[in-house]
Amino acid sequence: MGIRERLGSILDNAPKTKHTGTDDGDHERFSHYADKAKIVESAVTGKAIRALCGKKWIPSRDPQNFPVCPTCKEIYSRLKQ
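Residue numbers (UniProt numbering): 1 to 81.
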C-alpha cells in the first residue's frame, strides 16, 4: 500500500470535527456567568442580559470557545460558599 492509500485510509477514519471559528476581537472575549433563564430569554428575544461581573451583553457565541471571565468566576465561587 502506497503513501497515498495509507493517508486516504487515515483521513477516512479520522473523527470529523467542526471548527466554528472566531471573529476579529475574539481574543478579548470571555464566557460570562449569568442566570440560565435570562440566557434562554435573551436567545429568544435578543435582549441584552447582565453577567455576574456586571457586563451587559447579548449571548450569541459558543461559550466553550472562550475562557471564563475571571471576575464572574470569582463571584460565582463566593456565591457557592
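Using N, Cα and C, we set each Cβ at its ideal position, and we do this for glycine too.
In this structure, DSSP gives I39 a helical state, which the three-state scheme calls helix. Taking the C-beta atoms as reference points, A43 is found no nearer than 7 Å to I58. Under the DSSP assignment, Y76 falls in the alpha helix (DSSP H) whose first and last residues are 70–79. The beta carbon of F66 lies closer than 6 Å to those of R29, F30, S31 in the same chain, with the five residues before and after it left out. Excluding sequence positions up to five before and after V40, its CB lies less than 8 Å from no other CB in the same chain. Per the coordinates, the alpha-carbon of R78 lies some 60 Å from the alpha-carbon of G2. Put simply, the backbone Cα of K55 is about 16 Å away from that of G46.
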